[in-house]
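Protein chains in written order, with this note's numbering: chain A, -10 to 355; chain B, -10 to 355; chain C, -10 to 355; chain D, -10 to 355.
We treat Cβ as the ideally placed atom computed from N, Cα and C, and that holds for glycine.
Here the structure is a predicted model, which is why all the values come from computation and not from measurement.
Protein chains: 4
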Amino acid sequence: MKNNIGTNISMTLFGESHGAAVGVVLDGLPAGFAIDTDRIKSDMDKRKAKGRISTQRHEADAVQIVSGFFEGKTTGTPLTLVIQNTNTRSSDYTKTHGRLRPGHADYTAFEKYHGFQDYRGGGHFSGRLTAPIVAAGSICRQILEANGVQIGSHIEQLYTVHDDVFSNDIDVLKDQIHTVNQKDFATLDPQCETEMKALIEKVAVEGDSLGGIVETAVIGLPTGLGEPAFDSVESILSHLLFSVPAVKGVSFGLGFGFANVKGSTANDDFEYKDGKISTLTNHNAGINGGITNGMPIIIHTCVKPTPSIYKEQASVDYLTKENVKLQIQGRHDPCIIHRARIVIDSVVAFGLLDLWMSKNAQGDLV
Amino acid sequence: MKNNIGTNISMTLFGESHGAAVGVVLDGLPAGFAIDTDRIKSDMDKRKAKGRISTQRHEADAVQIVSGFFEGKTTGTPLTLVIQNTNTRSSDYTKTHGRLRPGHADYTAFEKYHGFQDYRGGGHFSGRLTAPIVAAGSICRQILEANGVQIGSHIEQLYTVHDDVFSNDIDVLKDQIHTVNQKDFATLDPQCETEMKALIEKVAVEGDSLGGIVETAVIGLPTGLGEPAFDSVESILSHLLFSVPAVKGVSFGLGFGFANVKGSTANDDFEYKDGKISTLTNHNAGINGGITNGMPIIIHTCVKPTPSIYKEQASVDYLTKENVKLQIQGRHDPCIIHRARIVIDSVVAFGLLDLWMSKNAQGDLV
Amino acid sequence: MKNNIGTNISMTLFGESHGAAVGVVLDGLPAGFAIDTDRIKSDMDKRKAKGRISTQRHEADAVQIVSGFFEGKTTGTPLTLVIQNTNTRSSDYTKTHGRLRPGHADYTAFEKYHGFQDYRGGGHFSGRLTAPIVAAGSICRQILEANGVQIGSHIEQLYTVHDDVFSNDIDVLKDQIHTVNQKDFATLDPQCETEMKALIEKVAVEGDSLGGIVETAVIGLPTGLGEPAFDSVESILSHLLFSVPAVKGVSFGLGFGFANVKGSTANDDFEYKDGKISTLTNHNAGINGGITNGMPIIIHTCVKPTPSIYKEQASVDYLTKENVKLQIQGRHDPCIIHRARIVIDSVVAFGLLDLWMSKNAQGDLV
Amino acid sequence: MKNNIGTNISMTLFGESHGAAVGVVLDGLPAGFAIDTDRIKSDMDKRKAKGRISTQRHEADAVQIVSGFFEGKTTGTPLTLVIQNTNTRSSDYTKTHGRLRPGHADYTAFEKYHGFQDYRGGGHFSGRLTAPIVAAGSICRQILEANGVQIGSHIEQLYTVHDDVFSNDIDVLKDQIHTVNQKDFATLDPQCETEMKALIEKVAVEGDSLGGIVETAVIGLPTGLGEPAFDSVESILSHLLFSVPAVKGVSFGLGFGFANVKGSTANDDFEYKDGKISTLTNHNAGINGGITNGMPIIIHTCVKPTPSIYKEQASVDYLTKENVKLQIQGRHDPCIIHRARIVIDSVVAFGLLDLWMSKNAQGDLV
């Protein structure tokens, strides 16, 4: 409900872009898991703005573990992660907060909170809130990895540039996941990275922005994760993915492509081999009836272009009720998809761990 | 959690395809709402299999209101809807239940429930479970309509056939919603309905099946519905939509099309006119930062082809662990999208009412 | 929330006293558990009104398992229990429903539901709703018993008559639990049963009613059940116990008696013996810091006198807003504590199974 | 679930006694409420250890509002309160943590968390965690007070010393609530305060400790708060009260005294006067069928003696599995009930606000 999610483990998110800090409380984790804090840092770095294609706002993302962590291991009680906000220029916002930025939550926040919201930099609706999500996700992911699960994402499409897609060959896929997880700007084809970056820089000069599509793969999951009806794997993961700012589309396996094939193609035939059952194809992305079948989960997530652009836009001043021409100032990314990718990995990790922590899930955690 | 969903109102789903009955408990409804039971029946009829393009299994979908309904109105206590199962031929299933049907939950149910699941006709995973959802959704929808909200869906794509799309003109859209809600097979273009039905019949002869894409529109919503972070409108609705069997993709507004436009196009500029704020375009589908802005919500939902096909498929017998050739018998739809459309309307209605029942949607205490 | 409770397993309650049926949906149960339906019947019988000391309303409590039960075992999907209402004399109520019965929910239901509640026989607030709770509790209890847990309750006090109390000797306690579970009117001292029944008959003649205190014992629990902070064993069990109509007090171990002893007495010293840690006394009722320590849980629950009495009472007609003299008609128990005892056992069983189904609970289920 | 509670508003608790900080996230609050931070401080002071009768550990309880608070008002997004831990002498604990303190959660924490818990000073099970609860409760209470609700508690019994009880006269009760809220050591009879303090000092010299009973009154509530079945006012409040360390008994109105009266006494007759319905007596403590009837809520809560005593106790070293004689060192209160009183007020305030934030407490949709 609201800023808390999860059934078996839960995540409670708090903070605003220009408040004292942002953070998250992660509850229900198994006790005694040794957390690699360097790994948290490296995951946080993947989210960090870098180079010419990113905002010039340099965030200090030092993650402090405030509770639930003792002598290097989880205690089993609430694990709280806090990231102090620094380098925030509130002066950028105070004068103009009535002027609604198109594509942002400014207007809806005014309506929902009657003007009492912290409007600075998007406040609670800022992408800044994804920082604690990544920190929490990093811990969930480490637990999953210790149980043989690997997660990886890459930018499959950025406007006109298309990357390769994940392989259907499990061994190749494993290598691809390993590869993208080493990169800051995750593409399968290195040439594609160059083109995408060039495109972002070009659009930045125009004062415009871009979005794209992220492809995510998860391998090594046990069968039996997910619940019938309302807690299907797709339901749990989409709920989390649509909580990530700017996400407007989520699909599994063939996704919207299922409209273009017949059932005889859509179905994944079964095969019994080497003592185990698997499917010959994986159009359903490792999920049947909302429950994992042991095959890779393949997700496509569409991230819309950054709403903050420098081009002049038509808008309204909520306070004066005047139509205005809006010229956004400040520091903004012309594209966030390369940063969003680790946020996507993080919520997927949380969702899958939550399902795995259900006692009536098939697979047991180590 | 599992078969219960909702924060302010909740829906608890139960039953199996070939059990005694299927049903739902709807809790938290406002007291004193006069339910139109004929409307429930007409919504149930939209879900019913009809004509040559549908299964020959004729379901008796008489909805009994067991509780929470007194003297024609809701009592405010749990409203329970039960639909008896009739005309179930269990003999069709008992002999062959180890033989896993591709695209179905047979395998994952075996793995999750260790073989104790009711395997007849898909049991708890059957599309039959959408009947009580439609009955519950019909009540939620009536409450929304009494508050000025209209919901409508049509089949935007069926394999190679494409229907028109919903208009950006609110008045035209209102008429379109009215029109599709009158139809059993919902398309905007009547000619398109003829072509789609012909296509379904053709594929049925092949022993194959089809899926498609449903476009859903919601108008008349107040601003301020939805919560930041995890209970965004997109999160709540996608969670419910992916609980509908066969749904594999969900998007809002431009959806995956956001990858093909720049921010200057993606953003919806604001305008103040006749005392109210609205947007000039509606690419974000009436949702900013997860919260409604008063514009129409536009959803695209992809429904995969019916997994039950008559063509021979490769499979495995879970019990004997043998590779087998599977030839599905029984009565099955070559396409379910025309029936799925009302299920989609129903879960959308539930989700929006749930969000509306949040006190801080209005933010007042007394 | 509202009529749904539980984290790992959940129970959703529905129905009214004079509606079509009452029932409950039990979700999250382990799959493959063989339910003894005769045991459900015998538990239901313990709740049933019997003999001269009980109401003359003879309820048909045939429990129908509508879903989640296949070939004699739980399927792991929602298990629904429905009990049809029969022998309801609505005519007793219709004429007088505006006349508020003291001690009942008539007034508060009017206020909460604005007069739309089903007022017949207390509607959703009727003790009739405890029937499905007992049926659900019987299943939870059978699962606990299969895991070595025993639950038993007796009437420790009825007005001026006091029964013996449960023994601190675990072997004696085990026998006592066995004994009370054989009885319809549960006391440890048979002589005490005779006195209590005589007292109830005497008070019935006066047209008055009685309440009392139930003592409940649970043995065989593993250590580690319960959560810190808000899901302590005491929190979970009291939440459920106070959901039972007429319960006004709940305590654990010494309970309110803790006010009369010093810490040196209140504390239970530890002892390591025969390879296990236990406490020398059990004043804290097997619960430290909200988590089970393996010792017996001892609960005291106070059930107030039946609010329905035949003596004339001062009241108000809610509809006419007149002060009236109320003379309750119909069939009512002069005492319900002997029937409440199995309801108490049932909610305790549900609560403990819910805690046990938490993956991070120490003990694993068989 | 676990460390998160609440349906309409929620509270997520985190931290350990000797960790970096303790805190709470309060979500779902109405936006625009002006918080009096001095009031938070004065409520925190009531919880603070003071004078000779309390521990010599002086806690720095400076409450930092990290989020959800902007320009002096609530924003409507998660409000996070953090209290840094200072003056913690970890050295007191490290050497002896295997030695289980009777009456504490040491043993159960070892069993539940397999030894990975933060054992210093009780860790997550420390009374220190009540500090953020009081801070959160102070905010909830301010909101309730702004809506005409008053809450007050006093020590009704401390071992052999008994205070007066709250009056049945609403005007007198109002004054009594005002009086006890002015006091650090809350009794109605000043003479009683002197006797209780003297008794605590006497027992402290013995190296022993005391508990007692707190009586709490709530006035000014609207009718209709609370839900049928599982979210009765008693269920919600007892769930929270039993989450407070050392609470072992909770009752409402006559409580366990209901066993000693007949129905004709237990029932509260109704009266219509000056345009409103009220009851002539209030034995049911303003709650009928789990829902408020507008009369005062009267709660009795039993707090056991402080488990930390200086007398030698028999115990076990969990790590060496040896029986040991335990002599607790460090700084501990001989009695905590005078400090627990504000914690009780706080959870009661949270619970009632949560119920009030339910839309169907008023039942309207728009």
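Item                                                                                                                                                                    : Value
Roughly how many angstroms lie between the CA atoms of B/His93 and D/His103, to the nearest whole one?                                                                  : 41 Å
Whole angstroms are fine: how far does the CA of B/Glu100 sit from the CA of A/Asn282?                                                                                  : 8 Å
Considering only the beta carbon of each residue, do D/Ile280 and C/Thr254 sit closer than 7 Å?                                                                         : no
Using a Cβ-Cβ cutoff of less than 7 Å, which residues in the same chain neighbour D/Ala338 once the five nearest sequence positions on both sides are dropped?          : Gly126, Cys129, Arg130, Leu133 and Ile140
Roughly how many whole angstroms lie between the Cα atoms of C/Asn(-7) and D/Gly196?                                                                                    : 47 Å
Checking contacts by CB at 7 Å: is B/Glu223 closer than that to chain A?                                                                                                : yes
Could you have a look at C/Asp197 and say whether DSSP puts it in helix, strand or coil?                                                                                : coil
Classify C/His321 as helix, strand or coil using the three-state DSSP reduction.                                                                                        : coil
Let me know if A/Leu308 comes out buried or exposed under the rule of 16 or more other beta-carbons within 10 Å of its beta-carbon.                                     : exposed
In whole angstroms, give me the CA-to-CA distance for C/Lys262 and A/Pro19.                                                                                             : 29 Å
Quickly, what does DSSP pair D/Asn(-7) with across the bridge? List them, please.                                                                                       : D/Thr1
Going along the chain, which residues of its own chain have a beta-carbon closer than 8 Å to the beta-carbon of C/Arg117, five neighbours each way excluded?            : Gly4, Glu5, Ser6, Val11, Glu48, Asn74, Gly110 and Gly111
Look up D/Ala187 in the DSSP assignment and say whether it is helix, strand or coil.                                                                                    : helix
Buried or exposed: D/Ile202, going by 16 or more other Cβ atoms within 10 Å of its Cβ?                                                                                  : buried
Which of the three DSSP states, helix, strand or coil, is assigned to B/Ile333?                                                                                         : helix
Looking at D/Ser297 and D/Leu356, is the spacing between their C-beta atoms short of 7 Å?                                                                               : Because chain D is modelled from -10 through 355, residue 356 of chain D falls outside the range shown and cannot be assessed.
Report yes if the C-beta distance between C/Lys35 and C/Ile331 is below 7 Å; otherwise report no.                                                                       : yes
Using the three-state DSSP reduction, which class does B/Asn312 fall into: helix, strand or coil?                                                                       : strand
Give me the Cα-Cα distance between A/Pro217 and D/Phe155, rounded to the nearest whole angstrom.                                                                        : 52 Å
Give the straight-line distance between the Cα atoms of A/Ala9 and A/Gln53, rounded to the nearest whole angstrom.                                                      : 14 Å
Secondary structure at D/Asp152, three-state DSSP: helix, strand or coil?                                                                                               : coil
Once you ignore the five residues that flank B/Met33 on each side, which residues in its own chain have a CB closer than 8 Å to its CB?                                 : Asp50, Val52, Ala120, Val123, Ala124 and Ser127
Using the beta-carbon of each residue, which ones in chain A are nearer than 9 Å to B/Gln302?                                                                           : Ser253, Asn256, Asp258 and Phe259
If you measure from the beta carbon of C/Thr97 to each beta carbon in chain D, is any gap under 7 Å?                                                                    : yes
Taking only the alpha-carbon atoms, compute the straight-line gap between D/Thr63 and B/Leu210 and give it to the nearest angstrom.                                     : 26 Å
Once the 5 residues before and after A/Lys348 are set aside, which same chain residues still bring their CB inside 7 Å of it?                                           : none
Could you give the first and the last residue of the continuous alpha helix (DSSP H) run that contains D/Leu162?                                                        : Ile159 to Val169
Suppose the cutoff is 8 Å on Cβ atoms and the five residues either side in sequence are ignored; what does the same chain contact list for B/Lys30 look like?           : Val52
I'd like to know if C/Lys293 contacts chain B, where contact means its C-beta is closer than 7 Å to some C-beta of that chain.                                          : no
For chain D, check one thing: does any of its Cβ atoms lie closer than 7 Å to the Cβ of C/Phe339?                                                                       : no
Compare the C-alpha of B/Gln302 against each of B/Ala23, B/Thr(-4) and B/Arg90 and name the closest.                                                                    : B/Arg90
Pull up the DSSP beta-bridge partners for D/Leu214, would you.                                                                                                          : Its beta-bridge partners do not exist; DSSP assigns none.
Give the C-beta separation of D/Val313 and D/Asp306 to the nearest angstrom, bearing in mind that I take them to be a contact with Cβ-Cβ under 8 Å.                     : 5 Å
Quick check on the DSSP output: what are the complete beta strand (DSSP E) runs of length 3 or more inside the stretch 244 to 294 of chain D, in order along the chain? : 259 to 262, 265 to 268 and 286 to 292
Please classify A/Ala135 as buried or exposed, where buried requires at least 16 neighbouring CB atoms within 10 angstroms.                                             : exposed
Is there a Cβ from chain B that is less than 7 Å from the Cβ of A/Asp220?                                                                                               : yes
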